[in-house]
Amino acid sequence: MSNPTNSPLEAAAGVAGTDATEAFGLLANETRLAILLALWEAKEPEKPRSEQAVPFSELYERVAIRDSGNFTYHLDKLDGTFVRSTEEGYKLSNTAARVLRAVFAGTLTEDRSFEGRLSEFECYRCGSSLIVDYTDENETIQRCTGCGGAYEWPEYPSGMVAHADLPPAALEDRTPQEMQRKGNTWIRNRLMTLLNGVCPDCAGRITTTTHVCEDHDVPEGAV
Ligand SMILES: [Zn+2]
Ligand SMILES: [Zn+2]
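As numbered in this note's numbering, the sequence shown has no gaps in its residue numbers, which increase by one up to the final residue, 852.
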């Protein structure tokens, strides 16, 4: 594909859409990210939203940049999308808060993976005990100790009856069993949202298509 602008980000707009690349472009600057993080840090959850604004001078102090012109330039760039300015000061927009939450949820540096913990759930196919793993790809996998499981995917362990993405925050202050119980609630709610035609990430419309694979027969008892 030709790229007359020589901007890799603009060239990628064909994939992500120009709105998305503009948003990425807005965030691609250290000072702007520092402003967003400073606003996040300044949040006082016990205060009503109307009192959450951070005055310009306080925000400038928090970002610890020594060039006020540069600071104002970047703050203006964020205003209207990731930052809202009010008479009292500056606030994170809901969009910025969602972006930061997603980053925090996915980037706990501590490796929380584990393998082979006994689950408190039973296999829905044969009733045997289940084993639960949490991978370094932030995926929870449930394996049956008594049957071949429901999936035969070479990249996954045998006996697998369920697998799902689960952010590492699900393990914070929880045992593997609690993680599985609470994780199931999170995953089920996302699935219910999807099944009701709403994207659990952006609340947009879901389109569904059914694909029937005719390459093989479904083994007896498979789901
Ligand atoms: Zn089983
Ligand atoms: Zn969506």
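All C-beta atoms in this analysis are idealised placements derived from N, C-alpha and C, irrespective of residue type, glycine included.
None of the values given here were measured: they were computed from a predicted structure.
Would you tell me roughly how many angstroms separate the C-alpha atoms of residue i and residue j, rounded to the nearest one?
i      : j      : result
GLY788 : CYS773 : 5 Å
PRO805 : THR839 : 35 Å
CYS831 : ALA649 : 13 Å
ASN723 : GLY775 : 47 Å
ASN632 : ALA652 : Note that ASN632 scores 46 on pLDDT, short of 50, meaning its location in the model is unreliable; the coordinates nonetheless yield the value given after this. About 20 Å.
ASP705 : ILE835 : 35 Å
PHE750 : ASN813 : 11 Å
PHE700 : ALA793 : 42 Å
Using the rule of at least 16 other Cβ atoms within 10 Å of the residue's Cβ for burial, across every protein chain shown, is residue i buried or exposed?
i      : result
PRO684 : exposed
ASP844 : exposed
THR769 : buried
SER742 : exposed
SER748 : buried
ASN767 : buried
Tell me whether residue i counts as near ligand 3, meaning its Cβ is closer than 7 Å to at least one heavy atom of that ligand.
i      : result
SER787 : Here the bound small molecules are ligand 1 and ligand 2; ligand 3 is not part of this structure.
Ends of the alpha helix (DSSP H) at residue i?
i      : result
GLU843 : Looking at the DSSP string, GLU843 is not in any alpha helix (DSSP H), and its letter there is neither H nor E.
LEU656 : 647-656
VAL790 : Segment 789-794 is the beta strand (DSSP E) holding VAL790; no alpha helix (DSSP H) there.
SER697 : 697-707
If you reduce the DSSP assignment to three classes, tell me which class residue i lands in.
i      : result
GLY745 : strand
GLN681 : coil
GLU751 : strand
Going by beta carbon distance, what residues of the same chain come within less than 8 Å of residue i, once the five residues before and after it are set aside?
i      : result
MET718 : Inspection of the sequence shows that residue 718 is occupied by Gly rather than by Met. Taken in chain order, the residues that qualify are ALA682, VAL683, PRO684, PHE685, GLU687, LEU688.
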